[in-house]
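2 protein chains.
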Amino acid sequence: VKASWEKRDLSLRHPFTIARGSRTTSPSVILRLEHDGTTGIGEAAPSSRYDETVETVDQFLASLPWQRFHDAFLLEEICSTVVSHAPGNNAAKAAVDLALHDWLGNRLGQPLWRILGLNPAKAPVTSFTIGIDTPEAVRKKVAEAEEFPVLKVKVGIPDDEMIIQAIRDCTDKPIRADANEGWTDKSLALDKICQFAEMGVELVEQPMPANRLDDMVWLRERVPVPLFADESVRSGADLKRLSGSFHGINIKLMKCGGIREALRMIHTARSLGLSVMLGCMIETSVGISGAAQLAPLADYCDLDGNILITNDPYTGVLSGRGKLVFSDRPGLGLLDRNG
Amino acid sequence: VKASWEKRDLSLRHPFTIARGSRTTSPSVILRLEHDGTTGIGEAAPSSRYDETVETVDQFLASLPWQRFHDAFLLEEICSTVVSHAPGNNAAKAAVDLALHDWLGNRLGQPLWRILGLNPAKAPVTSFTIGIDTPEAVRKKVAEAEEFPVLKVKVGIPDDEMIIQAIRDCTDKPIRADANEGWTDKSLALDKICQFAEMGVELVEQPMPANRLDDMVWLRERVPVPLFADESVRSGADLKRLSGSFHGINIKLMKCGGIREALRMIHTARSLGLSVMLGCMIETSVGISGAAQLAPLADYCDLDGNILITNDPYTGVLSGRGKLVFSDRPGLGLLDRNG
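Protein chains in written order, with the working numbering: chain Z, 6 to 344; chain V, 6 to 344.
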């Protein structure tokens, strides 16, 4: 298996602000594997929240024993080697996992969703994300997002009810609120969630810091809408202890290390009675199309990372009007925009 | 998707006795699906322990809305429909699941293990099962099973330590003991397990009745060898409450409803820290080859159901000397012995 990769600076359509900070570009690494005349494309979208950068991705990929990977069909074995190669580095690991799944589909001549036995028509619509901003700017973004039937709104700051109110001034679409660990007091969090629920917010993601699971148990018993874990959950091993603290989990390939672990997490979540959201980072169509392959197994989708950027090098699964549209192209269904 | 099925009476090489009873033949139903010029073979091996018979399998298969299954690639959707069609009937459901997986592999021209990204070389050896019998007969069976490196021994009756002792008189091979719910007193169970462990038994399966989970918690804290759930576990939803009562689970396609649910259970078990054994009923090479596709993900295998019969209509994954040998034939790798 031959590997090569290159860094991409993804340009954001709008500056993107969440409870933790703000940015105008986002880094990504595109990985290309080749084996036995077939190619596979993957992506790492590193996040500083999980101690990854373009540099750590580059170091991780460069340190892998590629010469030992002599058969790209041995996905489980290669991914196990990659996972145990070093702790963390899950975005870098996801790049390898994605490229191997793309390779498999390309080799078998079938889209991955079909190999997985899934029906694309069952994929939930994806929400469109609106970052933290002034009420005026939020109203403008809501107008721009007119074609999207569900909005995901970043909250977790003082006066964030003004953001929800600004949206409700323009539309009665379903809203999902994401606090990104922003509320640090459980009573405050409860007040916010109840107030938001009255304004038609249908679920709230990561209201409190990742490790505050006892507070979450308290909160879960009192809230009128489901609570989803994002920063509190990375891989399947986290799920058992989360099942009393949240109603559902947000699975992101860049957090968990790829499609294979994501599938394990979906299965585990189902067995534990947890709902499943498929989410993303700011990513190109490579990562988004990879996550979308599993969308028919999810209850909620938030796969808009590629819509938030202006220089996506690929096209793949489309999400105009929030509906995920899958092609019949093999693998992840990617087309290089530059041919 | 066109379906047809026929009943087979499987003849046992030796009368087979476990803690619950004895028999000389075992029933099976072979299912054949056809769609778009490709065939898929599945099997139901009904067990009275789970209220299934050849008649219930026939009724269940006859009642399925086959005309609605217009694309055999839609495995997840068809299997969901089949699962929710009626409660129970898991062997009948497994027949459909197996046939669809065989179809998928045949259609893609690849063995299922390769489509699943697995390495056959990672499959654990399978144990060979010795039923309850007189010490003399047991010694004869041990001699016949000479080529198998690991023995699974049926216990769960008074004086069953004589069976273990009869085996130890002939060989020092690893022994796994299966009590099939036979011990109904926890102190007796603990005594037996400790005694067996001293005789080199490496694990004990289902020491007590399926629903006695509190006794199992007590037992689990005191035993020197791992305890595996068999009758106590059917599907993934059972696993959360089992994780304090057992060290591992025995997954059988005929109990859980097929390869898809088995894979979900393996993933959930891993997330919960439970070990995984792949087991079987008395089955033909159809069911055994289906379960074997997942063997590279298991810690232990007990896939000898087809070796215990004399009229297997198919050949598939082989298990001479306990080593599972996978062919490169597509799907489940089945060949009809009658051409």
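Even for Gly, the Cβ is constructed at its ideal location relative to N, Cα and C.
Please report the distance separating the alpha-carbon of residue i from that of residue j.
i: Y55 of chain V; j: V101 of chain V; result: 18 angstroms
i: D183 of chain V; j: I137 of chain V; result: 10 angstroms
i: L103 of chain V; j: M221 of chain V; result: 33 angstroms
i: T131 of chain Z; j: L277 of chain Z; result: 24 angstroms
i: R260 of chain Z; j: T315 of chain Z; result: Reading off the sequence shown, one finds Lys at residue 260 of chain Z, where the question assumed Arg. So the alpha carbons of these two residues sit roughly 23 angstroms apart.
i: I169 of chain V; j: E210 of chain V; result: 14 angstroms
i: T176 of chain V; j: G249 of chain Z; result: 49 angstroms
i: P20 of chain Z; j: N343 of chain Z; result: 26 angstroms
i: K328 of chain Z; j: P129 of chain Z; result: 7 angstroms
i: A148 of chain Z; j: P125 of chain Z; result: 28 angstroms
i: L224 of chain V; j: F133 of chain V; result: 26 angstroms
i: L15 of chain V; j: D107 of chain Z; result: 43 angstroms
i: D309 of chain Z; j: N311 of chain V; result: 50 angstroms
i: S192 of chain V; j: V206 of chain V; result: 18 angstroms
i: L117 of chain Z; j: G336 of chain V; result: 17 angstroms
i: L113 of chain V; j: R334 of chain Z; result: 15 angstroms
i: F74 of chain Z; j: V6 of chain Z; result: 6 angstroms
i: L3 of chain Z; j: V62 of chain Z; result: Since the displayed chain Z opens at 6 and closes at 344, residue 3 of chain Z lies outside it and no answer follows.
i: S89 of chain V; j: I83 of chain V; result: 10 angstroms
i: T5 of chain V; j: S237 of chain V; result: With chain V represented from 6 up to 344, any question about residue 5 of chain V goes unanswered, as that position is not in the structure.
i: L323 of chain Z; j: D165 of chain Z; result: 31 angstroms
i: T320 of chain V; j: I135 of chain V; result: 22 angstroms
i: A266 of chain Z; j: D235 of chain Z; result: A small correction: the amino acid at residue 266 of chain Z is Glu; Ala does not occupy that position in the sequence shown. Taking the straight line joining both Cα atoms gives about 15 angstroms.
i: A194 of chain V; j: D219 of chain V; result: 14 angstroms
i: S290 of chain Z; j: R275 of chain Z; result: 27 angstroms
i: A8 of chain Z; j: L258 of chain Z; result: 20 angstroms
i: E57 of chain Z; j: I271 of chain Z; result: 24 angstroms
i: R227 of chain V; j: F233 of chain V; result: 14 angstroms
i: K146 of chain Z; j: N216 of chain Z; result: 32 angstroms
i: A303 of chain V; j: G161 of chain Z; result: 44 angstroms
In the DSSP assignment, the beta strand (DSSP E) including residue i goes from what residue to what residue?
i: M286 of chain Z; result: It is not in any beta strand (DSSP E) - M286 of chain Z carries neither H nor E in the DSSP assignment.
i: G26 of chain Z; result: 26 to 40
i: T43 of chain V; result: 43 to 49
i: I23 of chain Z; result: 7 to 23
i: V158 of chain Z; result: 156 to 159
Indicate, with yes or no, if the ligand MN has a heavy atom lying under 7 angstroms from the CB of residue i.
i: H252 of chain Z; result: As for the ligand MN, it is missing from this structure, which has no ligand bound.
Can you pull the chain A residues whose beta carbon is under 7 angstroms from the beta carbon of residue i, in chain order?
i: R225 of chain Z; result: In the structure shown, chain A does not exist; the protein chains are Z and V.
Out of the options, state which residue places its alpha-carbon closest to the alpha-carbon of residue i.
i: P51 of chain V; options: V:N111, V:A96, V:E186; result: V:A96
i: A242 of chain Z; options: V:T273, V:E236, V:Y319; result: V:T273
i: L208 of chain Z; options: Z:T139, Z:M282, Z:G336, Z:D165; result: Z:M282
i: R144 of chain V; options: V:E226, V:L117, V:R173; result: V:R173
i: W10 of chain V; options: V:E60, V:G338, V:G284, V:G253; result: V:E60
i: V85 of chain V; options: Z:W188, Z:P179, Z:C84, Z:G122; result: Reading off the sequence, residue 85 of chain V comes out as Ser, not Val. Closest option to S85 of chain V, Cα to Cα, is Z:G122.
i: I293 of chain V; options: V:F233, V:F78, V:P231, V:A49; result: V:A49
i: K12 of chain V; options: V:R18, V:L36, V:R275, V:S27; result: V:L36
i: L38 of chain Z; options: Z:V160, Z:M167, Z:D76; result: Z:D76
i: I46 of chain V; options: V:G295, V:I135, V:V230, V:R25; result: V:G295
i: P231 of chain Z; options: Z:P214, Z:R181, Z:R239, Z:I256; result: Z:R181
i: S372 of chain Z; options: Z:A99, Z:N111, Z:A171, Z:N185; result: The displayed coordinates of chain Z run from 6 to 344. Any statement about residue 372 of chain Z would go beyond what the structure contains.
i: M286 of chain V; options: V:A99, V:M270, V:A91, V:A8; result: V:A99
i: L253 of chain Z; options: Z:L156, Z:Y305, Z:Q200; result: The residue asked about is misnamed: residue 253 of chain Z is Gly in this sequence, not Leu. Of the candidates Z:L156, Z:Y305, Z:Q200, the one whose C-alpha sits nearest the C-alpha of G253 of chain Z is Z:Y305.
i: P92 of chain V; options: V:L268, V:G262, V:V330; result: V:G262
i: T43 of chain V; options: V:D196, V:Q298, V:L109, V:R326; result: V:L109
How far does the alpha helix (DSSP H) with residue i in it reach, from first residue to last?
i: D63 of chain V; result: 59 to 68
i: E152 of chain V; result: Per DSSP, E152 of chain V belongs to no alpha helix (DSSP H) and is neither H nor E.
i: T86 of chain Z; result: 80 to 90
**Asked** When you check each C-beta in the region 67 to 98 of chain Z against every C-beta of chain V, which residues fall closer than 9 angstroms?
**Response** D76, F78, L79, L80, E81, E82, I83, C84
**Message:** So within the region 223 to 266 of chain V, which uninterrupted beta strand (DSSP E) runs reach at least 3 residues, ignoring any that extend past its ends?
**Reply:** 232 to 234, 253 to 257
**Asked** Listed in chain order, which residues of the region 298 to 319 of chain V have Cβ atoms closer than 8 angstroms to some Cβ of chain Z?
**Response** P301, L302
**Message:** Which complete beta strand (DSSP E) runs does the region 111 to 142 of chain V hold, if anything under 3 residues is left out?
**Reply:** 133 to 135
**Prompt:** In chain order, what residues of the region 245 to 267 of chain Z put their CB closer than 8 angstroms to some CB of chain V?
**Reply:** K245, S248, R265
**Asked** Which ranges would you report for the alpha helix (DSSP H) in the region 170 to 225 of chain Z if only whole runs of at least 4 residues count?
**Response** 191 to 203, 218 to 225
**Request:** Using a Cβ-Cβ cut-off of less than 8 angstroms, give me the residues of the region 116 to 136 of chain Z that come near chain V, in sequence order.
**Result:** R119, I120, L121, G122, L123, N124, K127
**Request:** Give, in chain order, every residue of the region 13 to 45 of chain V whose Cβ lies closer than 9 angstroms to some Cβ of chain Z.
**Result:** none
**Request:** Quick one: which residues of the region 155 to 188 of chain Z get their C-beta closer than 8 angstroms to a C-beta of chain V? List them in chain order.
**Result:** none
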